[in-house]
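Protein chains in written order, with our numbering: chain A, 37 to 378; chain B, 37 to 378.
Here a beta-carbon is modelled for each residue, glycine too, at the ideal position from N, C-alpha and C.
On a predicted model such as this, the values are computed, not experimentally measured, just so you know.
Right, one structure below, let's go through it.
2 protein chains.
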Amino acid sequence: MLSERQSMILNAIVDDYIRCAEPVGSRSISKRGDVAFSPATIRNEMADLEELGFLEQPHTSAGRIPSNKGYRYYVDHLAPLKPLKAEDLKLFKQLAAEKLSAVEEVIQHAGTILASMTNYTSILLGPEKFNTSLRHFQLLPLNETTAVAIIVTSTGEVENKTVSIPQGVSASDMEQMANLLNARLAGVPMHRLKARLYSEIGQEIQRHAEHYEELMKLLDDSLARGKDPKVFLSGTTNMLIQPEFKDIGKLKTVLDLLEETPTLMRLLNSEQRGIQVRIGSENVHQAFANCSLITATYSLEGEAFGTIGILGPTRMEYAKVIGTLDLLSRAMSRALAGRYGA
Amino acid sequence: MLSERQSMILNAIVDDYIRCAEPVGSRSISKRGDVAFSPATIRNEMADLEELGFLEQPHTSAGRIPSNKGYRYYVDHLAPLKPLKAEDLKLFKQLAAEKLSAVEEVIQHAGTILASMTNYTSILLGPEKFNTSLRHFQLLPLNETTAVAIIVTSTGEVENKTVSIPQGVSASDMEQMANLLNARLAGVPMHRLKARLYSEIGQEIQRHAEHYEELMKLLDDSLARGKDPKVFLSGTTNMLIQPEFKDIGKLKTVLDLLEETPTLMRLLNSEQRGIQVRIGSENVHQAFANCSLITATYSLEGEAFGTIGILGPTRMEYAKVIGTLDLLSRAMSRALAGRYGA
DNA sequence: CGTTAGCACTCTATTCAAATGAGTGCTAAA
DNA sequence: TTTAGCACTCATTTGAATAGAGTGCTAACG
Numbered sequence: 037m038l039s040e041r042q043s044m045i046l047n048a049i050v051d052d053y054i055r056c057a058e059p060v061g062s063r064s065i066s067k068r069g070d071v072a073f074s075p076a077t078i079r080n081e082m083a084d085l086e087e088l089g090f091l092e093q094p095h096t097s098a099g100r101i102p103s104n105k106g107y108r109y110y111v112d113h114l115a116p117l118k119p120l121k122a123e124d125l126k127l128f129k130q131l132a133a134e135k136l137s138a139v140e141e142v143i144q145h146a147g148t149i150l151a152s153m154t155n156y157t158s159i160l161l162g163p164e165k166f167n168t169s170l171r172h173f174q175l176l177p178l179n180e181t182t183a184v185a186i187i188v189t190s191t192g193e194v195e196n197k198t199v200s201i202p203q204g205v206s207a208s209d210m211e212q213m214a215n216l217l218n219a220r221l222a223g224v225p226m227h228r229l230k231a232r233l234y235s236e237i238g239q240e241i242q243r244h245a246e247h248y249e250e251l252m253k254l255l256d257d258s259l260a261r262g263k264d265p266k267v268f269l270s271g272t273t274n275m276l277i278q279p280e281f282k283d284i285g286k287l288k289t290v291l292d293l294l295e296e297t298p299t300l301m302r303l304l305n306s307e308q309r310g311i312q313v314r315i316g317s318e319n320v321h322q323a324f325a326n327c328s329l330i331t332a333t334y335s336l337e338g339e340a341f342g343t344i345g346i347l348g349p350t351r352m353e354y355a356k357v358i359g360t361l362d363l364l365s366r367a368m369s370r371a372l373a374g375r376y377g378a
Numbered sequence: 037m038l039s040e041r042q043s044m045i046l047n048a049i050v051d052d053y054i055r056c057a058e059p060v061g062s063r064s065i066s067k068r069g070d071v072a073f074s075p076a077t078i079r080n081e082m083a084d085l086e087e088l089g090f091l092e093q094p095h096t097s098a099g100r101i102p103s104n105k106g107y108r109y110y111v112d113h114l115a116p117l118k119p120l121k122a123e124d125l126k127l128f129k130q131l132a133a134e135k136l137s138a139v140e141e142v143i144q145h146a147g148t149i150l151a152s153m154t155n156y157t158s159i160l161l162g163p164e165k166f167n168t169s170l171r172h173f174q175l176l177p178l179n180e181t182t183a184v185a186i187i188v189t190s191t192g193e194v195e196n197k198t199v200s201i202p203q204g205v206s207a208s209d210m211e212q213m214a215n216l217l218n219a220r221l222a223g224v225p226m227h228r229l230k231a232r233l234y235s236e237i238g239q240e241i242q243r244h245a246e247h248y249e250e251l252m253k254l255l256d257d258s259l260a261r262g263k264d265p266k267v268f269l270s271g272t273t274n275m276l277i278q279p280e281f282k283d284i285g286k287l288k289t290v291l292d293l294l295e296e297t298p299t300l301m302r303l304l305n306s307e308q309r310g311i312q313v314r315i316g317s318e319n320v321h322q323a324f325a326n327c328s329l330i331t332a333t334y335s336l337e338g339e340a341f342g343t344i345g346i347l348g349p350t351r352m353e354y355a356k357v358i359g360t361l362d363l364l365s366r367a368m369s370r371a372l373a374g375r376y377g378a
């Protein structure tokens with residue numbers, strides 16, 4: 037699609053622009069050394085590249101900046117896969133080695149590393165609990181009216197929920213219920229719990245206990261899915277140092293959106309495994325028009341999957357970020373593996 | 037300490053400055069109507085107030101702005117306690133009425149309300165678990181090497197922790213241990229748990245079981261205090277709209293500090309109950325020199341206490357914020373009461 | 001024919017002096 | 001004691017001139 041020379045020039049422009057955040061002119065490219073042509077020649081090529089839609093010109097007498105299409109070409113064909121620095125690799129190893137007790141801590145920690153290494157904002161999605169199963173259920177009365185329902189999943193995560201005790205249900209009723217659930221539903225995938233509750237436990241309760249309605253309501257409440265998977269943000273303030281966000285208004289719009297979990301979920305949502313790059317307007321939300329989001333997925337014992345992502349300006353160090361995410365997602369899978377599971 | 041007229045003028049200046057964020061001059065005060073003197077007279081008083089340290093002048097030909105001492109006087113003597121708007125009160129009632137299942141949700145929600153009502157940043161500290169006691173303990177093996185320890189407190193909070201199982205400890209050992217702890221330590225205050233573990237349970241284990249060392253280590257790990265109380269932030273982006281933070285550098289320093297839980301803890305830390313106002317340099321951290329922090333405490337069944345706070349520029353709507361915090365802290369205490377507890 | 005030097009042109013950013021205007025302090029009069 | 005008047009200060013705004021970076025085009029060059 038592009039000639040050798042055009043590719044080289046596009047590459048040079050994107051590189052330069054990523055580094056300096058300023059329109060790059062023909063002269064400065066010529067001087068870089070890796071494109072050994074005169075400014076005039078480069079100018080001609082640049083005019084062509086602009087016509088093809090890979091470059092843009094803020095105004096007549098400025099240099100060129102890459103368009104979204106330009107970035108896309110850069111990412112797909114040009115971005116050199118930089119090897120990570122040794123010190124960064126060390127951080128990853130530490131992550132895997134560290135004695136982090138909970139999945140959430142591993143994720144949180146990974147997010148912090150990611151943000152500090154890249155100087156962008158990291159967004160991590162906890163594992164979908166879709167593929168985990170029930171390990172243990174408990175129903176613990178606190179007083180006459182409220183109880184705590186505790187669910188432990190096969191991956192060792194603990195969810196808890198305060199539920200109110202229906203009239204006429206006794207502590208021993210609840211204990212029986214919990215025992216019944218553990219006996220019958222242990223090992224059942226989380227997303228099938230409710231269905232199985234009605235199909236299997238329902239009859240049993242109806243046979244042995246009064247208060248059928250009340251007990252079912254209680255159990256139904258208790259098993260209510262522990263809301264959406266958690267989102268972990270880190271390095272949001274790195275947005276502040278990006279020159280593209282010197283406009284506080286736009287900055288606030290973006291930061292505000294980052295506080296909304298549903299927006300983030302929608303942003304990260306994808307069926308695809310592996311690494312994905314969404315440049316500028318490829319993102320769902322209009323406010324992220326000059327942002328790029330790069331995501332990778334990690335797995336937890338091959339059962340559950342989560343997403344880690346980096347949000348930054350479209351003028352992002354793609355090569356570095358992609359490499360980092362790739363390695364870190366593997367490191368996370370490794371750190372989470374073996375620690376739990378059947 | 038200040039004459040009637042001086043008070044009035046100081047009041048007018050602080051009021052105006054809080055509204056407009058710009059140095060206020062003698063003329064504009066004279067025109068306000070509530071201080072019926074000529075600009076010249078007011079100028080004289082202003083000169084006096086400056087000499088006394090209540091006002092400052094950015095430069096010779098600008099109006100005056102309040103000093104920290106000025107704000108302090110305003111807060112202590114002048115700030116009129118504004119009644120809240122009806123719609124705001126309604127929000128509070130909703131908070132109390134809502135069926136929020138977990139303490140943390142109540143707190144989180146209160147923080148959101150607080151931030152959106154005041155347009156400042158809210159910082160809420162979860163209840164100190166200091167005064168809560170053990171309700172239930174459980175130790176649940178996940179596989180050969182790891183187990184989940186679950187602690188339920190008297191206020192219905194659930195803490196969980198993944199611990200590794202020492203060599204030679206069996207599932208039935210762990211079950212016994214858990215039963216023992218429940219039998220002996222239920223009702224014991226959280227902060228005394230470890231001490232009691234050694235003084236009471238220790239002997240028992242030594243008598244009945246092998247692996248004394250290992251079991252004690254396991255239990256000790258399991259009871260490790262669930263880190264610091266959680267901190268909930270809301271409305272951090274409200275900082276962006278404050279003109280005092282148009283300097284992105286300072287803004288970043290502050291926002292970065294807000295991400296550090298220990299800093300926040302130190303910032304909020306106080307033995308005092310009730311409402312506290314810390315103006316500018318009265319705050320621990322240098323970076324908060326032009327911020328004010330107003331805090332109030334709430335209680336959970338009279339047992340545990342937490343803190344809610346508002347962080348904003350020193351030029352803060354003290355009257356409104358103090359009123360809001362006062363009411364909200366009560367509303368929270370109410371919302372949390374009755375829901376749990378013995 | 002592809003490449004490059006040269007040059008006129010465009011447009012932004014910088015600089016600097018002058019004008020503006022908000023606000024003060026002081027003095028003298030009411 | 002209060003206030004009108006006035007000279008003075010100083011940040012901000014304004015506008016014009018200038019500098020500078022970069023382009024597009026044309027003509028020359030190998």
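With fewer than 16 neighbouring CB atoms inside 10 Å of its own CB, Leu117(B) falls in the exposed class. Three or more beta-carbon pairs separated by less than 8 Å are not found between the region 137 to 149 of chain A and the region 177 to 184 of chain A, which leaves the two stretches without contact. Of all C-beta pairs linking the region 119 to 131 of chain A to the region 69 to 79 of chain A, fewer than three are shorter than 8 Å, placing the two stretches out of contact. An exposed status is given to Ser97(B), since fewer than 16 other beta-carbon atoms sit within 10 Å of its beta-carbon.
Taking 8 Å as the cut-off, the Cβ atoms of Val199(A) and Ser258(A) count as close. Of all residues in the region 159 to 187 of chain A, those with a C-beta nearer than 8 Å to a C-beta of chain B are Arg171, His172, Gln174, Leu176, Leu178, Asn179, Thr182, Val184 and Ile186, reading in chain order.
Nearest CB-CB separation between Ala138(B) and chain A: below the 8 Å threshold. Here Pro94(A) has Pro59 and Ile101 as same chain residues with Cβ atoms under 8 Å from its own Cβ, once five neighbours each way along the sequence are excluded. With its beta carbon less than 8 Å from one in chain A, Gly192(B) belongs to the interface. With a 10 Å radius around the Cβ and a threshold of 16 neighbouring Cβ atoms, Lys126(B) comes out exposed. Only residues of its own chain outside the window of five on either side were considered, and among them Leu336, Ala340 and Gly342 have a CB closer than 6 Å to the CB of Pro163(B), listed in chain order.
For Ser208(A) and Ala245(A), the gap between their C-alpha atoms comes out near 11 Å. Three or more Cβ pairs closer than 8 Å define a contact, and the region 354 to 362 of chain A falls short of that threshold against the region 269 to 289 of chain A. The three-state reading of DSSP puts Pro225(A) in strand, counting E and B together. Tyr334(B) counts as buried, since no fewer than 16 other beta carbons sit within 10 angstroms of its beta carbon. Closest option to Leu254(A), judged by alpha-carbon separation, among Val313(A), Met368(A), Gln212(A) and Arg68(A): Gln212(A). Below the 8 Å Cβ cutoff, chain B contributes Thr273, Leu276 and Ile277 as neighbours of Lys288(A), in chain order. Distance between Ile311(B) and Ala367(B), taken at the CA atoms: about 14 Å.
Looking only at Ile344(A), Leu304(A) and Arg232(A), the smallest Cα-Cα distance to Met252(A) is reached by Arg232(A).
For Asp209(B), no chain A residue has a C-beta closer than 8 Å to its own C-beta; the minimum C-beta separation is roughly 18 Å. Taking 8 Å as the CB threshold, Asp256(B) stays off the interface with chain A. Around the beta carbon of Glu81(A), 16 or more other beta carbons lie within 10 angstroms, which makes this residue buried.
When 7 Å is used as the limit between beta carbons, Asp51(B) is near no residue of chain A, the shortest such separation being about 26 Å. Taken atom to atom, the span from the alpha-carbon of Gly89(B) to that of Gly106(B) is near 7 Å. Taking all protein chains in view, the Cβ of Asn274(B) is crowded by 16 or more other Cβ atoms within 10 Å, so the residue is classified as buried. Chain-order list of chain A residues neighbouring Asp292(B): Thr273, by C-beta distance under 7 Å.
For Gly342(A), the enclosing beta strand (DSSP E) covers residues Ala340 to Pro349.
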